Amino acid sequence: MTFLMLSYPERVEVFRRAFAHDLPDVPFASDATQVDPQSVRYLMTWAFPDNLAERYPNLEIIFSVGAGIDQVDRTSIPPQAKLVRMIESGLTSLMRDYVVMSVLALHRRLPAYLELQRRHEWVNLEFTWADQRRVSVLGLGELGRASLDALKPFGFQLAGWSRSPKNVEGIRSYHGPEGLRTMLAETDILICLLPLTQETRHILNAELFSQLPRGASLVQVGRGGHMDQEALLAALDTGHLEAAFVDVTDPEPLPADHPLWSHPKVILTPHVAAHTRPDTAAEATIANMRLILAGKEPNGLVDPQRGY
Ligand code: NDP
Ligand code: OXD
1 MTFLMLSYPE
11 RVEVFRRAFA
21 HDLPDVPFAS
31 DATQVDPQSV
41 RYLMTWAFPD
51 NLAERYPNLE
61 IIFSVGAGID
71 QVDRTSIPPQ
81 AKLVRMIESG
91 LTSLMRDYVV
101 MSVLALHRRL
111 PAYLELQRRH
121 EWVNLEFTWA
131 DQRRVSVLGL
141 GELGRASLDA
151 LKPFGFQLAG
161 WSRSPKNVEG
171 IRSYHGPEGL
181 RTMLAETDIL
191 ICLLPLTQET
201 RHILNAELFS
211 QLPRGASLVQ
221 VGRGGHMDQE
231 ALLAALDTGH
241 LEAAFVDVTD
251 PEPLPADHPL
261 WSHPKVILTP
271 HVAAHTRPDT
281 AAEATIANMR
291 LILAGKEPNG
301 LVDPQRGY
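FYI, in our numbering the residues of the sequence shown are 1 to 308.
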């Protein structure tokens, strides 16, 4: 019952040491050419090898190295194998930091001040008190909830939208299409932290932007496929949206001549909002392996029907 990890050497070494120390009975391998494919029961990877089912016929669990699993071609997964996404404190803390940074920057109108600085103009822009600023998150999962928790001390009016109803202390919770419309109408800064599924593809489109109040801003940290980039540019150009932080694009890398690079109301980062941290991810994976070996459900088990 080998655990095969396909990733870059530094990350693999951290996992190898953690497995040797905490789970010595589970053989750990990282070189696919040196392992008996029949023995591979657990596979951890980001990019999924071709012909997975034929290559590793006894696969039971596929662990994604990352939180998202939209990179996976579901048709390649052997029918008996389950998919587990990454939930670990290092990645969550990076996302929390990025969301707090961008919400504060948008709240204090940093993109507009950067533009004034470029023009050497000393101008005081209007401001809003934090307790009058409405900040909403699309997606009340691991990362959406952690981000909202980190925003609480600033006193913003917080809201979140999910598929199923939620009851989260200090957060107005919405679900379903009607809930989304209501939340958008009451949102000044919108954060996208959804998984990319058939239902959420291109959810950030012209219609959604038009439902936000004039002057609202966006933090796009989900997946490039969530957003119609032309619609964002149009909403910024008409002034309907004030500014956007964009961390994920379609395609990635974003072509050098794409207008998002140089738009004065956009702060663009190259999909760096969060990354898996090797030591905490190894701990989380070992905890999950213990659950699996005890016949229990691992944390982050993907529901194939929901698609996340
Ligand atoms: P989770 O699975 O924990 O949470 C997903 C949330 O989205 C849940 O609250 C879920 O609702 C909600 N949701 C899913 N589909 C819908 C829908 N159709 N309508 C309404 N709500 C929906 O995911 P994480 O928080 O761990 O991660 C979220 C995403 O963040 C990842 O999938 C990835 O796209 C992105 N990400 C980006 C990174 C970056 O560097 N930019 C790094 C890591 C992740 P419910 O609770 O009802 O199930
Ligand atoms: C992830 C990512 O999904 O880095 O983990 O985007």
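For glycine and all other residues, C-beta sits at the position ideal for the given N, C-alpha and C.
The structure displayed is predicted, hence computed values, not measured ones.
For residue 3, the enclosing beta strand (DSSP E) stretches over residues 2-5. The Cβ atoms of residue 212 and residue 190 lie closer than 9 Å to each other. Under the three-state reduction of DSSP output, residue 193 falls in the coil class, being neither helix nor strand.
In its chain, beyond the 5 residues on either side, 107, 154, 155 and 156 have a beta carbon closer than 8 Å to the beta carbon of residue 130. Relative to the non-hydrogen atoms of the ligand NDP, the Cβ of residue 308 comes within a distance shorter than 8 Å of at least one. Using a cutoff of 8 Å, the CB of residue 10 does not count as near the ligand NDP, since none of the ligand's heavy atoms is closer than that. When DSSP states are grouped into helix, strand and coil, residue 157 belongs to the strand group.
Per DSSP, reduced to three states, the secondary structure at residue 44 is strand.
For residue 174, the uninterrupted beta strand (DSSP E) run begins and ends at 172-175, by DSSP. The three-state secondary structure of residue 256, taken from DSSP, is coil. Taking all protein chains in view, the Cβ of residue 10 is surrounded by fewer than 16 other Cβ atoms within 10 Å, so the residue is classified as exposed.
Sequence-distant Cβ neighbours of residue 140 in its own chain, meaning closer than 6 Å and more than five residues away, are 160, 162 and 166.
Between the C-alpha atoms of residue 284 and residue 88 there is a straight-line separation of about 6 Å. The residues 160 and 166, in chain order, have a CB closer than 6 Å to that of residue 173 in the same chain once the five nearest residues on each side in sequence are set aside. Closest in C-alpha terms to residue 275, from the list 247, 251, 132 and 253, comes 247. Using a 10 angstroms sphere on the CB of residue 242, the tally of other CB atoms reaches 16 or more, which defines it as buried.
Residue list for the ligand OXD: 66, 67, 68, 86, 91, 271, 274, 275 and 276 (CB closer than 7 Å to any heavy atom, chain order). Contact annotation: residue 109 and residue 186 have beta-carbon atoms that are not nearer than 9 Å. Comparing alpha carbon positions, the residue from 62, 240, 198 and 195 closest to residue 208 is 240.
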